[in-house]
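If you read the sequence shown in my numbering, its first letter stands for residue 98, the second for the next number, and so on. Ideal placement from N, C-alpha and C gives every residue a C-beta, glycine not left out. Structure first, commentary second.
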Amino acid sequence: MTRAVFLLVVLLCAPTANAQSDTPKTVSTAEATTHLVQRAEPTIPPIAELVETGGKVRLHIVISPLGQVSSVTLLSGHPLLAEAAIDAVKQWKFKPFLEGETPVTVATDVEVDFPSGMSESESAVRSDYFRVEDECRSLMKDGEYVEAEPKCREAVEISNRLPKEIVLERSSALSMLANSIFSQRRFADAIPLYEHALELDKGYLKSNDADLASGYANLGRAYAITGSLSKADGLYATAVATFEAAIKNLPSMSENYSRRLARTLNEYAQVKDAEGQTEAASALRQQANEIIP
98 MTRAVFLLVV LLCAPTANAQ SDTPKTVSTA EATTHLVQRA EPTIPPIAEL
148 VETGGKVRLH IVISPLGQVS SVTLLSGHPL LAEAAIDAVK QWKFKPFLEG
198 ETPVTVATDV EVDFPSGMSE SESAVRSDYF RVEDECRSLM KDGEYVEAEP
248 KCREAVEISN RLPKEIVLER SSALSMLANS IFSQRRFADA IPLYEHALEL
298 DKGYLKSNDA DLASGYANLG RAYAITGSLS KADGLYATAV ATFEAAIKNL
348 PSMSENYSRR LARTLNEYAQ VKDAEGQTEA ASALRQQANE IIP
């Protein structure tokens with residue numbers, strides 16, 4: 098497989114809207130709020146309270162036709178608060194969403210806010226960060242990559258004004274900026290940003306964290322497209338192992354993590370093809386097909 102063909106194949110793997118019939122209908126946060134009939138507030142973890150950690154945790158949720166939260170995915174927020182936010186949101190209940198008279202599955206983003214003992218100035222910086230980060234994320238979601246880049250860059254600049262121990266916001270902003278640049282096909286320019294984000298996450302996230310696995314895969318993808326196949330190979334191998342560990346560690350997120358693992362396995366197979374390792378590529382695709390037939 099030539100590098101040009103490999104580039105095309107990987108680009109086709111980029112996130113796109115799923116047109117399958119079982120894809121949940123996306124609704125706005127405001128609309129979802131009007132359907133909320135039972136809200137459980139999170140319990141602040143003792144360690145978060147001790148170090149005066151607070152802020153917003155953003156989650157993507159899927160709501161079943163019965164109005165129950167069937168899956169929760171972390172979008173952003175401090176790791177010390179993530180589990181408490183997820184546990185709380187899983188208890189939320191919604192009035193069913195209807196298409197005509199038929200209840201349907203929907204998806205939306207929600208926020209859980211944790212108070213903290215931070216200073217007023219730090220609170221203002223955090224508020225600015227989340228506002229700009231939301232704008233960056235929204236533009237990326239809409240495929241407006243050129244317009245997203247300055248907003249994502251602004252989010253990075255604001256995140257650097259946060260205390261040093263606030264790692265997740267900085268790594269998240271760097272990753273989104275890298276994604277906006279990568280999506281404009283400036284692959285080499287994205288690499289140092291992905292590297293910086295990954296180094297921050299490696300010093301903070303556990304080795305079985307799915308977000309860390311995504312960081313390895315992001316960097317591996319960028320190296321693969323620029324022709325550094327040996328570097329890409331090692332990063333994809335680590336991403337696969339990390340996703341597998343994440344699934345074992347958090348079975349409740351198995352469905353989400355498994356989809357991400359399957360995609361990573363298929364991309365890794367493309368790297369193996371490009372390296373001439375066809376048997377290894379076939380084995381990786383078989384593993385992916387066993388996860389998602």
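For residue i, the nearest candidate out of the options (CA to CA)
i                 : options                           : result
leucine 82        : Trp189, Lys192, Gly197 and Phe227 : The question about residue 82 has no answer, for the chain in this structure spans 98 to 390.
leucine 332       : Phe194, Leu362, Arg356 and Lys190 : Leu362
leucine 133       : Pro176, Gly152, Pro142 and Lys192 : Lys192
alanine 377       : Ala385, Glu387, Ala366 and Asn386 : Ala366
arginine 357      : Ala314, Ser379 and Pro121         : Ala314
isoleucine 183    : Asn276, Ser280, Ser125 and Lys153 : Lys153
glutamate 296     : Phe340, Ser125 and Ser268         : Ser268
threonine 150     : Val264, Val368, Ile278 and Phe284 : Val264
valine 253        : Gly240, Gln384, Asn276 and Ser280 : Asn276
phenylalanine 340 : Gly324, Gln281 and Ala385         : Ala385
phenylalanine 194 : Val368, Ser125 and Ala185         : Ser125
alanine 185       : Gly197, Glu196 and Pro142         : Pro142
Proximity of residue i and residue j at Cβ, strictly below 7 Å
i             : j             : result
alanine 329   : glycine 312   : no
glutamate 232 : lysine 248    : yes
leucine 290   : leucine 271   : yes
threonine 255 : valine 207    : It should be noted that the sequence gives isoleucine, not threonine, for residue 255. Against a cut-off of 7 Å, the Cβ pair of valine 207 and isoleucine 255 comes out as no contact.
tyrosine 354  : alanine 338   : no
threonine 140 : alanine 181   : yes
alanine 204   : threonine 123 : yes
valine 169    : leucine 156   : yes
valine 222    : arginine 250  : no
tyrosine 242  : serine 304    : no
Closer than 6 Å: residue i CB and nearest the ligand SAH heavy atom
i             : result
glutamate 296 : Among the components modelled here there is no ligand, and therefore nothing to report on the ligand SAH.
Beta-bridge partners of residue i, as assigned by DSSP
i                 : result
phenylalanine 227 : DSSP, once it has assigned bridges, lists no residue as partnering phenylalanine 227.
glutamate 208     : Arg155
leucine 271       : Beta-bridge pairing links leucine 271 to no other residue.
glutamine 135     : Lys190
proline 200       : Leu195
valine 169        : Ile158
threonine 123     : Ala204
Inter-residue spacing [alpha-carbon to alpha-carbon] between residue i and residue j
i             : j                 : result
threonine 202 : serine 161        : 5 Å
glutamate 244 : methionine 237    : 9 Å
leucine 381   : aspartate 370     : 11 Å
threonine 199 : isoleucine 144    : 45 Å
proline 212   : glutamate 372     : 51 Å
glutamate 262 : histidine 175     : 10 Å
aspartate 210 : glutamate 219     : 16 Å
serine 224    : alanine 287       : 26 Å
leucine 274   : lysine 299        : 19 Å
glycine 164   : arginine 234      : 26 Å
glutamate 146 : alanine 179       : 14 Å
proline 121   : valine 166        : 12 Å
glutamine 383 : isoleucine 389    : 10 Å
serine 379    : valine 368        : 11 Å
threonine 375 : lysine 345        : 29 Å
arginine 282  : alanine 294       : 19 Å
glutamate 292 : phenylalanine 284 : 13 Å
isoleucine 62 : alanine 127       : No statement about residue 62 is possible, as the shown extent of the chain runs from 98 to 390 and does not include it.
serine 118    : glutamate 196     : With a pLDDT of only 41 at serine 118, under the threshold of 50, the placement of this residue in the model should not be trusted, and no figure is reported.
Next on the checklist: Contact between the segment 303–310 and the segment 353–367 is defined here as three or more beta-carbon pairs at a separation below 8 Å; is this criterion met?
Outcome noted: Under the 8 Å Cβ criterion, the segment 303–310 counts as touching the segment 353–367, having at least three qualifying pairs.
Next on the checklist: Could you check whether the segment 341–355 touches the segment 319–328, counting it as contact only if at least three pairs of C-beta atoms, one from each stretch, sit closer than 8 Å?
Outcome noted: Segments in contact, no.
Item to check | Stretch pair the segment 186–200 + the segment 133–148: three plus CB contacts closer than 8 Å | outcome: Contact check between the segment 186–200 and the segment 133–148: three or more CB pairs, one atom from each, fall below 8 Å, which counts as touching.
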